[in-house]
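Structure first, then comments.
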Amino acid sequence: MSQPRPRVVVIGGGYAGTAAASRVSRKTAVTVINPRPHFVERTRLHQFAAGNHHASGDYRKLLGKGTELLVDTVAHIEPRTRTVHLATGGSVGYDYLIYAVGSEATRPATVPGVEEFAFPVAEYEHAERLRHALSTLDPDSVVTVVGAGLTGLETSGELAEQGRRVRLVCSGVIGPVLTEKARRATYERLSNLRVEVLENSRVVRVGPDGPALDDGTVLPSAVTVWTAGFGVPELARASGFSTDTVGRMLTDETLTSIDDDRVIAAGDCAAPSGDPLRMACQSALPMGLTAAGTVLSRIAGEEPASLDFGFNGIGISLGRRSGVVQFHERDDTPEDRVFAGRIALSLKALGLKAAMAGLRVEALCPSTVGFPRGGRHPSGTATRTGSPDRAATSRNAR
Ligand SMILES: Cc1cc2nc3c(=O)[nH]c(=O)nc-3n(C[C@H](O)[C@H](O)[C@H](O)COP(=O)(O)OP(=O)(O)OC[C@H]3O[C@@H](n4cnc5c(N)ncnc54)[C@H](O)[C@@H]3O)c2cc1C
1173 MSQPRPRVVV IGGGYAGTAA ASRVSRKTAV TVINPRPHFV ERTRLHQFAA GNHHASGDYR
1233 KLLGKGTELL VDTVAHIEPR TRTVHLATGG SVGYDYLIYA VGSEATRPAT VPGVEEFAFP
1293 VAEYEHAERL RHALSTLDPD SVVTVVGAGL TGLETSGELA EQGRRVRLVC SGVIGPVLTE
1353 KARRATYERL SNLRVEVLEN SRVVRVGPDG PALDDGTVLP SAVTVWTAGF GVPELARASG
1413 FSTDTVGRML TDETLTSIDD DRVIAAGDCA APSGDPLRMA CQSALPMGLT AAGTVLSRIA
1473 GEEPASLDFG FNGIGISLGR RSGVVQFHER DDTPEDRVFA GRIALSLKAL GLKAAMAGLR
1533 VEALCPSTVG FPRGGRHPSG TATRTGSPDR AATSRNAR
């Protein structure tokens, strides 16, 4: 008599979870639990908000054959009984769990009014709400984008190119993860788009009329977009798993939870060796494939391989006609090489298309998609018998 296939539950159908589910789908019974019936191409949410991309994918083409999609949210993980409890009531048991809940916008409690009066863009429903607010806005009205990380820059570029009056405010310099050269190219493009850039300006409050700075200046705005800060869901911490200070699940280099070898984490919500990779779709997809490899190795009774992934750079779109690409060493150290303009935009677009193509290919033909290797030199020492010896920082390029 044949053995029943091991049951794998994947929490979160983003880049990491979708890739992981497809890779394990040939050898296991796999269920993906995700709050929406469609895939969200988060890397396009600024475009979705601006009304020039749907930012959605069809799971029927993105998940391996036989994968079950359960549209729900996991409210709690109970490792003792290997069960996840759903927000709508029921529960699902697993032999192996892949934790891939991604990241989310944070709205700091220390800045009153953000929750009521500002529009985040980092999640599908937020971007949808912003899209609606923008669609009813007089084109001459000022839109203030707070936060000039990559998401803030991309959102500003997208809206300004549509002829909107955009103001970009940040507490330091724009694009803190950019080199001087890439930052100069970004300034130039924003200046051509007539974006008003206010650096070293700390927003301390948001009201219906716009954000206010620490010197009391109110920046009159019809819409305030909030892009300052990414966090991760509380689920791992709330379920009793060891996490870093941000809430990412602590794993070893095979992406296995340091608390439980039946639980494997991937993507923005994972902190391998307490030394997390930059939050990016670029790293989430390879981590998903690695997490799947770990599960398959355990099932086969083999030693799982360590994460072996290398970055290639950072791409920013600044509207639909121009962008900036900063090349990186595999270990994510910026190089001096920067491309700007249309060629940079094309490179960035190619990267996003390649990610979606990778998911489609993996769904059709599991275990065929590869990724760049060679950049992983973790400095933390989280192991399954101990905690990391170095406080995790919120490494966050978005
Ligand atoms: C506007 C924008 C532009 C970006 N551009 C780029 C880019 O150009 N290049 C790049 O590399 N990265 C980019 N990023 C970052 C990139 O999108 C993320 O790093 C990537 O999506 C992380 O993938 P993930 O699979 O870890 O998580 P996600 O893609 O966030 O997927 C996680 C999924 O889990 C679901 N989930 C969460 N909690 C639960 C729960 N309790 N139960 C069930 N499901 C749950 C979520 O709803 C989501 O569907 C961008 C991000 C934004 C917001």
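Okay, so the sequence shown: first residue is 1173 according to our numbering, each after it adds one.
Cβ atoms here follow ideal geometry from the backbone N, Cα and C, with glycine treated the same way.
{"Check": "Option nearest residue 1275 by Cα separation, candidates 1433, 1471, 1392 and 1184", "Outcome": "1184"}
{"Check": "DSSP bridge partner residues for residue 1291 (one or two, in chain order)", "Outcome": "1397"}
{"Check": "Closest residue to residue 1231 among 1537, 1222 and 1210 (Cα-Cα distance)", "Outcome": "1210"}
{"Check": "Ordered list of beta strand (DSSP E) runs contained in the segment 1459-1507, each at least 3 residues", "Outcome": "1485-1489 and 1495-1500"}
{"Check": "Residues near residue 1403 in its chain [Cβ-Cβ closer than 7 angstroms; skip 5 each side]", "Outcome": "1275, 1276, 1278, 1418 and 1419"}
{"Check": "Status (buried if at least 16 other CB within 10 Å, exposed otherwise) for residue 1180", "Outcome": "buried"}
{"Check": "Rounded Cβ spacing between residue 1283 and residue 1378 (contact assumed at less than 8 angstroms)", "Outcome": "7 angstroms"}
{"Check": "Beta-ladder partner(s) of residue 1182, from DSSP", "Outcome": "1204 and 1270"}
{"Check": "Beta-carbon contacts of residue 1392 that lie in its chain and below 8 angstroms, excluding the five residues immediately before and after", "Outcome": "1314, 1381 and 1382"}
{"Check": "One or two residues paired with residue 1422 in a DSSP bridge", "Outcome": "1443"}
{"Check": "Residues bridged to residue 1436 [DSSP beta-bridge criterion]", "Outcome": "1270 and 1428"}
{"Check": "Residue 1205 CB to nearest heavy atom of ligand 1 below 7 angstroms", "Outcome": "yes"}
{"Check": "Backbone CA spacing between residue 1301 and residue 1176 [nearest angstrom]", "Outcome": "45 angstroms"}
{"Check": "Distance between residue 1475 and residue 1295 (C-alpha atoms, nearest Å)", "Outcome": "36 angstroms"}
{"Check": "Host alpha helix (DSSP H) of residue 1331 (start-end)", "Outcome": "1322-1333"}
{"Check": "Which of helix, strand or coil DSSP assigns to residue 1515", "Outcome": "helix"}
{"Check": "Residue 1384 Cβ short of 7 angstroms to ligand 1 heavy atom set", "Outcome": "no"}
{"Check": "Coarse secondary structure for residue 1240, derived from DSSP in three states", "Outcome": "strand"}
{"Check": "Residue range of the unbroken alpha helix (DSSP H) whose run includes residue 1408", "Outcome": "1407-1410"}
{"Check": "Where residue 1188 falls, given that 16 or more other Cβ within 10 Å makes a residue buried", "Outcome": "buried"}
{"Check": "Residue 1440 versus 1182, 1240, 1186 and 1178, residue with shortest Cα-Cα distance", "Outcome": "1186"}
{"Check": "Residue 1293 CB to nearest heavy atom of ligand 1 below 7 angstroms", "Outcome": "yes"}
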